[in-house]
Amino acid sequence: DSGVTQTPKHLITATGQRVTLRCSPRSGDLSVYWYQQSLDQGLQFLIQYYNGEERAKGNILERFSAQQFPDLHSELNLSSLELGDSALYFCASSMGPTNSPLHFGNGTRLTVT
Amino acid sequence: DAKTTQPNSMESNEEEPVHLPCNHSTISGTDYIHWYRQLPSQGPEYVIHGLTSNVNNRMASLAIAEDRKSSTLILHRATLRDAAVYYCILRDVQGAQKLVFGQGTRLTINP
Numbered sequence: 006d007s008g009v010t011q012t013p014k015h016l017i018t019a020t021g022q023r024v025t026l027r028c029s030p031r032s033g034d035l036s037v038y039w040y041q042q043s044l045d046q047g048l049q050f051l052i053q054y055y056n057g058e059e060r061a062k063g064n065i066l067e068r069f070s071a072q073q074f075p076d077l078h079s080e081l082n083l084s085s086l087e088l089g090d091s092a093l094y095f096c097a098s099s100m101g102p103t104n105s106p107l108h109f110g111n112g113t114r115l116t117v118t
Numbered sequence: 072d073a074k075t076t077q078p079n080s081m082e083s084n085e086e087e088p089v090h091l092p093c094n095h096s097t098i099s100g101t102d103y104i105h106w107y108r109q110l111p112s113q114g115p116e117y118v119i120h121g122l123t124s125n126v127n128n129r130m131a132s133l134a135i136a137e138d139r140k141s142s143t144l145i146l147h148r149a150t151l152r153d154a155a156v157y158y159c160i161l162r163d164v165q166g167a168q169k170l171v172f173g174q175g176t177r178l179t180i181n182p
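Given below as structure tokens:
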């Protein structure tokens, strides 16, 4: 058990809808990262927060947004969903911003129909 | 982000050592070498990391070439549970702390 909790585990929704994925980091970790994993793209870095502030941005679409709250949990919002957004979404946390390892949750599987 | 090159797949037998290679010829002085693995239906899991010297922990050993242009992850006695995709990643500690994953090596362990 990595200590990172992601909810929900599975989400099925229709095209055009909006969903929110939630992540609770390990106790004491200040950095949160979001990754997307699809079959054809592998693990893609989306965005990183450190102590509530955005720290790095990757290949995150404009339809996607995220934030980290004062209690350090994070939410990833996906809107105007398309079939191609179907993927596993992983959250990871680390003590940060240092070289400390990332600890990943078990992901949210999003299916867009 | 500096790039790494790994074989797409490797196969080994249970209870034998496994050496997973990684080439990173464009590594910079501030890049740490990190290894993660992803078991089926799970998130990636940290294995080990190092800068210049060889490193050991309870999961594996990391052997780093003297010129740092390559490294090898060593699993001393593979078990079926070690079947996973192994990712070798360079992490620049001076920049953002994100990890950029490549395609990794899919390791199959035969009973």
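These protein sequences, in sequence, are chains B and Y.
For the first sequence, this note's numbering gives the first residue as 6, with consecutive numbering after it.
For the second sequence, this note's numbering gives the first residue as 72, with consecutive numbering after it.
Virtual Cβ for every residue (Gly too), placed ideally from N, Cα, C.
Remember, predicted model here, so these are calculated numbers, not experimental data.
| query | result |
| --- | --- |
| 8 Å Cβ cutoff, G121 of chain Y in contact with chain B | no |
| T118 of chain B versus B:E80, B:P13, B:P30, B:T18, residue with shortest Cα-Cα distance | B:T18 |
| Cβ distance (whole Å) where A134 of chain Y is taken to contact S142 of chain Y below 8 Å | 6 Å |
| For T12 of chain B and A92 of chain B, the rounded distance between their alpha carbons | 15 Å |
| Burial state of D90 of chain B (16 or more Cβ within 10 Å) | buried |
| Own chain residues within Cβ distance below 6 Å of M183 of chain Y, not counting five before or after | Lying before the first or after the last residue shown, residue 183 of chain Y is absent from chain Y, which here runs from 72 to 182. |
| R152 of chain Y - DSSP class collapsed to helix/strand/coil | helix |
| Whole-angstrom C-beta distance between N82 of chain B and S70 of chain B, which should lie under 8 Å | 5 Å |
| Opening and closing residue of the beta strand (DSSP E) in which H51 of chain Y lies | Outside the modelled stretch of chain Y, which goes from 72 to 182, sits residue 51 of chain Y, for which no answer is possible. |
| The segment 160 to 175 of chain Y: positions lying closer than 9 Å to chain B by Cβ | R162, V164, G166, A167, Q168, K169, L170, V171, F172, G173, Q174, G175 |
| Under 7 Å (Cβ pairs) to chain Y, residues found in the segment 23 to 56 of chain B | S36, Y38, G47, L48, F50, Q53 |
| Beta-ladder partner(s) of P92 of chain Y, from DSSP | Y:T143 |
| Boundaries of the beta strand (DSSP E) in which K62 of chain B is found, first to last residue | 58 to 62 |
| For S2 of chain B, the residue or residues it bridges with in DSSP | No statement about residue 2 of chain B is possible, as the shown extent of chain B runs from 6 to 118 and does not include it. |
| For E87 of chain Y and G101 of chain B, the rounded distance between their alpha carbons | 36 Å |
| 8 Å Cβ cutoff met for Q41 of chain B and Q53 of chain B | no |
| Of the residues Y:T97, Y:K74, Y:L91, Y:P78, the one placed nearest L146 of chain Y, counting alpha carbons only | Y:L91 |
| Exposed unless 16 or more other CB atoms sit within 10 angstroms - verdict on R152 of chain Y | exposed |
| Distance between T75 of chain Y and S188 of chain Y (C-alpha atoms, nearest Å) | Residue 188 of chain Y lies beyond the residue range present for chain Y, which begins at 72 and ends at 182; the question has no answer from this structure. |
| Proximity test, Cβ basis, 8 Å: Y157 of chain Y and chain B | no |
| Nearest-angstrom beta carbon gap, G112 of chain B and C28 of chain B [assumed within contact, 8 Å] | C28 of chain B to G112 of chain B, Cβ: 10 Å. No contact. |
| Under the three-state DSSP convention, the category D90 of chain B falls into | helix |
| Contacts around G121 of chain Y, its chain only, beta-carbon distance under 8 Å, and the 5 residues preceding and following it disregarded | Y103, I104, L133, I135, S142 |
| Chain Y contact for N64 of chain B (CB, 8 Å cutoff) | no |
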